[in-house]
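Numbering (my numbering), first residue to last: 3 to 449.
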């Protein structure tokens with residue numbers, strides 16, 4: 003996500019740090035470089051013009067705080083303006099309505115609208131403790147209802163019994179009644195899409211919207227189409243008065259122009275971003291955290307939230323007691339590797355740490371960290387219980403047998419043992435400082 007933009011900003015900030023003082027002339031030069039950085043990221047021209055002018059005028063007019071260098075002061079202004087551009091505050095769904103809360107999902111075909119309905123149902127169920135029902139009013143695409151039904155089964159949420167109906171308004175009314183009868187507090191309505199924006203689509207969606215008066219109208223937009231997403235969002239907003247936008251496929255958007263421009267151009271806040279294909283890969287959009295990622299400042303809060311969701315506190319306490327006694331086995335090491343996998347893998351975790359992208363760039367391009375982790379677990383699985391608990395008994399013949407059993411080389415087994423011993427030493431140090439969560443090991447980048 004935003005790899006190209008992050009890389010450009012990294013280069014821009016490196017050049018900026020070379021200035022001992024920022025004169026008005028220097029600020030003009032730096033502002034031009036910033037403008038180029040944003041334009042190359044496919045940010046809308048008017049947005050680029052406005053933000054660079056705002057940053058330039060502040061940089062010239064403000065007194066530099068004595069604790070900051072001129073470069074740090076400029077970066078601070080850039081950060082504040084980027085946050086303001088993205089919306090400053092996190093825009094959440096307003097649950098302060100009489101149930102059922104009706105969420106109207108709109109968008110073109112191919113943007114991942116139906117899949118996003120499933121992701122949103124999962125998010126609301128697991129993060130907000132909502133009791134959700136799904137309904138598809140798409141009577142044009144034959145597979146739409148079937149697809150939503152499969153997603154509902156996967157999410158383990160209810161879906162309306164409306165397959166016998168053929169008119170969108172009838173389908174919605176029946177689903178709304180079922181929602182109340184079955185004690186659901188949230189109804190997510192998947193609407194028809196088109197390959198292109200046309201009057202028929204907008205008129206149909208507008209009629210349905212006027213009929214049902216939804217509490218939330220969310221546009222699902224493909225982040226990867228860049229500035230085209232802005233035009234689409236503007237037209238939907240003019241017709242429907244959107245309450246929010248969900249940017250899908252953000253994990254594949256290297257430039258980030260749509261995300262940075264959306265709020266300014268459309269006046270509609272980004273509420274969620276799709277960050278992967280998995281059903282749980284939908285995140286609440288936090289402007290401040292996103293800017294921190296772009297500027298290589300990390301997003302530790304998101305990492306902590308992910309850890310809290312996936313980490314087993316009971317296992318943590320057991321491991322802490324083991325460490326206090328100097329016990330840390332290969333089985334424990336494997337469980338920590340599995341925990342890293344739950345957090346999205348090594349690369350995902352590193353991207354959320356300050357300067358993590360820089361560290362990832364130092365990893366050899368031919369080295370796949372996720373594959374490496376999978377390989378390490380395969381090696382441990384090929385060991386006997388006794389070998390996992392006592393690496394001292396791993397002589398040459400045992401290591402050869404383990405390598406053959408895991409489809410690896412003896413050198414890879416040796417490397418795993420070395421990494422394990424280094425980790426064991428580090429975990430022992432962490433336990434002395436009273437750390438109760440082994441995730442702190444990864445949070446410190448293994449130092």
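Note that beta-carbon positions come from the ideal geometry of N, C-alpha and C, so glycine has one too.
Cβ neighbours of residue i in the same chain (closer than 8 Å, five flanking residues each side left out)
i, result
"residue 174", "137, 139, 191, 210, 213 and 214"
"residue 141", "168, 169, 170, 173 and 194"
"residue 267", "46, 48, 49, 232, 235 and 236"
"residue 402", "412"
Same chain only: Cβ atoms within 7 Å of residue i, ignoring 5 sequence neighbours per side
i, result
"residue 339", "375, 378 and 379"
"residue 241", "204 and 208"
"residue 44", "228, 229, 257 and 259"
"residue 400", "389"
"residue 151", "161"
"residue 238", "108, 221 and 244"
"residue 418", "378 and 381"
"residue 187", "101, 102, 103, 132 and 133"
"residue 336", "379 and 382"
"residue 163", "180"
"residue 396", "389 and 419"
Proximal residues to residue i (C-beta, below 6 Å), its chain only, five neighbours per side dropped
i, result
"residue 368", "Reliability fails at residue 368, whose pLDDT of 45 lies under 50, so the model's placement of it is uncertain and no value is given."
Spatially closest choice to residue i from the options, by CA coordinates
i, options, result
"residue 423", "390, 235 and 411", "390"
"residue 146", "125, 130 and 119", "119"
"residue 117", "193, 268 and 75", "193"
"residue 271", "277, 284 and 245", "245"
"residue 98", "415, 417, 218 and 236", "218"
"residue 393", "85, 334, 153 and 8", "334"
"residue 125", "153, 112, 29 and 414", "153"
"residue 86", "26, 293 and 405", "293"
"residue 112", "177, 55, 25 and 226", "226"
Distance, residue j Cα to residue i Cα
i, j, result
"residue 168", "residue 247", "28 Å"
"residue 10", "residue 144", "44 Å"
"residue 454", "residue 89", "Since the first and last residues shown for the chain are 3 and 449, residue 454 lies out of range."
"residue 281", "residue 249", "15 Å"
"residue 12", "residue 33", "15 Å"
"residue 296", "residue 252", "13 Å"
"residue 79", "residue 134", "42 Å"
"residue 31", "residue 279", "42 Å"
"residue 49", "residue 233", "14 Å"
"residue 276", "residue 114", "9 Å"
"residue 384", "residue 410", "11 Å"
"residue 185", "residue 284", "25 Å"
"residue 82", "residue 59", "14 Å"
"residue 38", "residue 254", "22 Å"
"residue 123", "residue 189", "9 Å"
"residue 8", "residue 61", "22 Å"
"residue 443", "residue 224", "Residue placement at residue 443 is poorly supported in this model, since its pLDDT is 36, which falls under 50; the coordinates are not used for a value here."
"residue 216", "residue 165", "22 Å"
"residue 373", "residue 343", "11 Å"
"residue 408", "residue 127", "39 Å"
"residue 73", "residue 57", "13 Å"
"residue 386", "residue 420", "18 Å"
"residue 110", "residue 200", "10 Å"
"residue 274", "residue 332", "39 Å"
"residue 341", "residue 29", "46 Å"
"residue 35", "residue 202", "44 Å"
"residue 53", "residue 84", "8 Å"
"residue 76", "residue 197", "44 Å"
"residue 130", "residue 121", "13 Å"
"residue 179", "residue 149", "22 Å"
"residue 261", "residue 414", "42 Å"
"residue 404", "residue 398", "10 Å"
Run of the beta strand (DSSP E) containing residue i, from where it starts to where it stops
i, result
"residue 129", "Counting along the chain, residue 129 falls outside any beta strand (DSSP E), though it belongs to the alpha helix (DSSP H) covering 115-129."
"residue 135", "134-138"
"residue 222", "218-224"
"residue 250", "246-250"
"residue 157", "Taken as a continuous stretch (DSSP letters only), residue 157 belongs to no beta strand (DSSP E), being part of the alpha helix (DSSP H) at 145-157."
"residue 329", "Counting along the chain, residue 329 falls outside any beta strand (DSSP E), and DSSP gives it neither H nor E."
"residue 107", "103-108"
"residue 278", "First-last for residue 278: undefined, no H or E at that position."
First and last residue of the uninterrupted alpha helix (DSSP H) at residue i
i, result
"residue 408", "398-408"
"residue 242", "230-242"
"residue 206", "201-214"
Residue-level contact to chain C via CB, residue i, 7 Å cutoff
i, result
"residue 235", "Absence of chain C from the displayed structure is noted, only one protein chain being present."
> Can at least three beta-carbon pairs, one atom from the region 92-110 and one from the region 151-166, be found at a separation below 8 Å?
Replying inline: no
> If you pair each beta-carbon of the region 277-292 with each one of the region 73-90, do three or more pairs fall below 8 Å?
Replying inline: yes
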